[in-house]
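S.K.: Under the numbering used here, the residues of the sequence shown are numbered 81 to 284, in order. Cβ coordinates follow ideal geometry from the N, Cα and C atoms, glycine included. All of these numbers come straight from a predicted model, not from anything done at the bench. Supplied in structure tokens, the structure appears directly below.
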Amino acid sequence: LPEDYTFRALLRKNKSISSTSEYLFTVSKIDTIKTSQGGGTDGKYFYQALIKKDTQTGEANNIVRIVKTDLETGKAVKTSDDLALNHANDITYNPKINKLIVVHNAPYRDRISFVDPDTLEITETRSIGMKIYSIAYNATYDRYVVGLSGGQTFTILDAEFRNTLNSPFQPTSLTDGYITQGAECDDQFIYFVLYKQNVITVYD
């Protein structure tokens, strides 16, 4: 591609593009707690939530632990104690408050928890007044993008988790029927990981 041909232009001209991935490392499993859920990074470490479901309580009493892995070495440096994070569907990091924010999802879809990245302990849990399944933080704008439960619509929240939009962004119809997973963002784009076929949708 020409040097001035940006990813943004490529997205606008094509419904889909091919991509590649690179294996980095495998997150250490914990005894019988082996189901991977949400994950996120602070740029130096990767934080992976592992769960053991308690289906009898609708995941209210899941066993959840977070494994902190060094991105450079691929080695686990810390594992949390059991945390009350339910399904723990997504994790993002806010450097301005130095906290991980974890989306509980099922069964408390309006609930998030703040986790200290050093101790891996919950410091606060709160309801944000809307049901979400994913979250990503952008430090440049001091905003969060959240995927709204029950579909692929999403919205933007301010630093205090207040909605900044009158109506949510609508998803592309190209991924109708896909299962929602996690979210990420940078200064230009918003990314959602979806499953049916493994795809990433990219929004400007």
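Considering only their Cβ atoms, is the gap separating GLY209 from ASP238 smaller than 8 Å?
M.R.: The sequence position of residue 238 within the sequence shown is 158, counting from 1. The sequence position of residue 209 within the sequence shown is 129, counting from 1. The answer is no: Cβ separation not under 8 Å.
S.K.: So what's GLN361 in DSSP terms, helix, strand or just coil?
M.R.: The requested residue 361 does not occur in the structure, where the chain is confined to residues 81 to 284.
S.K.: Distance check for LEU163 and PRO175, CA to CA, integer angstroms please.
M.R.: Residue 175 sits at position 95 when you count from the first residue of the sequence shown. Residue 163 sits at position 83 when you count from the first residue of the sequence shown. Taking the straight line joining both Cα atoms gives about 22 Å.
S.K.: Checking the sheet assignment: what are the DSSP bridge partners for LEU228?
M.R.: Taking the sequence shown and counting its residues from 1, one reaches residue 228 at position 148. Bridge partners of LEU228 according to DSSP: ILE212.
S.K.: What are the start and end residues of the beta strand (DSSP E) that includes PHE126?
M.R.: For the purposes of this step, residue 126 is taken as the residue at position 46 of the sequence shown. Looking at the DSSP string, the run of the beta strand (DSSP E) that includes PHE126 is 125–132.
S.K.: Along the chain, where does the beta strand (DSSP E) containing TYR173 start, and where does it finish?
M.R.: By one-based count along the sequence shown, residue 173 stands at place 93. 170–174 is the span of the beta strand (DSSP E), which, as asked, contains TYR173.
S.K.: Can you list, in chain order, the residues of its chain with a C-beta nearer than 7 Å to that of VAL226? Leave out the 5 residues immediately preceding and following it.
M.R.: As a position in the sequence shown, residue 226 is number 146, starting the count at 1. Same-chain partners within the cutoff: ILE212, SER214, ILE215, PHE234, THR235, LEU237.
S.K.: Closest by CA to LYS133, which one among PRO248, LEU165, GLN277?
M.R.: For the purposes of this step, residue 133 is taken as the residue at position 53 of the sequence shown. Out of PRO248, LEU165, GLN277, LEU165 has the C-alpha closest to the C-alpha of LYS133.
S.K.: State the Cα-Cα distance for the pair ASP150 and THR106, rounded to the nearest angstrom.
M.R.: Here residue 150 refers to the residue found at position 70 when the sequence shown is read from its first residue. Here residue 106 refers to the residue found at position 26 when the sequence shown is read from its first residue. Whole-angstrom Cα-Cα distance: 11 Å.
S.K.: Would you mind listing the beta strand (DSSP E) stretches within the segment 140–212 that are 3+ residues and don't spill past its ends, in chain order?
M.R.: 143–150, 156–159, 170–174, 179–183, 191–195, 202–207
S.K.: Identify every run of the beta strand (DSSP E) within the segment 236–277, keeping only runs that are complete inside it and at least 3 residues long; order them along the chain.
M.R.: Within the segment 236–277, the complete beta strand (DSSP E) runs of at least 3 residues are 259–265, 270–275.
S.K.: Taking the Cβ atom as the reference point for each residue, do VAL183 and VAL195 lie within a distance shorter than 8 Å?
M.R.: Here residue 183 refers to the residue found at position 103 when the sequence shown is read from its first residue. Here residue 195 refers to the residue found at position 115 when the sequence shown is read from its first residue. The answer is no: Cβ separation not under 8 Å.
S.K.: Check each candidate in THR159, THR203, GLY154, GLY138 and name the one with the smallest Cα separation from ILE177.
M.R.: By 1-based counting over the sequence shown, the position of residue 177 is 97. Of the listed residues, the one whose Cα sits closest to ILE177 is THR203.
S.K.: Going by CA-CA distance only, name the one from PHE126, LEU274, PHE269 that's closest to THR260.
M.R.: The residue you call residue 260 lines up with position 180 of the sequence shown. If we check each option's Cα against that of THR260, LEU274 comes out closest.
S.K.: Three-state secondary structure (DSSP) at THR135?
M.R.: One-based indexing of the sequence shown puts residue 135 at position 55. The DSSP-derived three-state label of THR135 is helix.
S.K.: What are the boundary residues of the beta strand (DSSP E) that includes TYR283?
M.R.: As a first step, residue 283 must be located in the sequence shown, where it is residue number 203. Start and end: 279–283.
S.K.: Please report the straight-line C-alpha distance between ALA140 and ILE131, rounded to a whole angstrom.
M.R.: Sequence index remark: in the sequence shown, residue 140 carries index 60 (1-based). Sequence index remark: in the sequence shown, residue 131 carries index 51 (1-based). So the two alpha carbons sit approximately 12 Å from each other.
S.K.: Would TYR127 and GLY138 qualify as a contact pair, given that the criterion is a beta-carbon distance under 8 Å?
M.R.: Position 47 of the sequence shown, counted from the start, is the residue given in the question as residue 127. Position 58 of the sequence shown, counted from the start, is the residue given in the question as residue 138. For TYR127 and GLY138, no; Cβs fall outside 8 Å.
S.K.: Does LEU81 come out as helix, strand or coil in the three-state DSSP assignment?
M.R.: For the purposes of this step, residue 81 is taken as residue 1 along the sequence shown, with counting starting at 1. At LEU81 the pLDDT is 43, less than 50, meaning the model places this residue with poor confidence and gives no usable figure here.
S.K.: Would THR244 and THR281 be called neighbours here (beta carbons separated by less than 8 Å)?
M.R.: Within the sequence shown, numbered from 1, the residue matching residue 244 stands at position 164. Within the sequence shown, numbered from 1, the residue matching residue 281 stands at position 201. The answer is no: Cβ separation not under 8 Å.
S.K.: Give the C-beta separation of ILE171 and ALA129 to the nearest angstrom, bearing in mind that I take them to be a contact with Cβ-Cβ under 8 Å.
M.R.: As a first step, residue 171 must be located in the sequence shown, where it is residue number 91. As a first step, residue 129 must be located in the sequence shown, where it is residue number 49. At roughly 6 Å, the Cβ-Cβ gap stays under 8 Å, so ILE171 and ALA129 are in contact.
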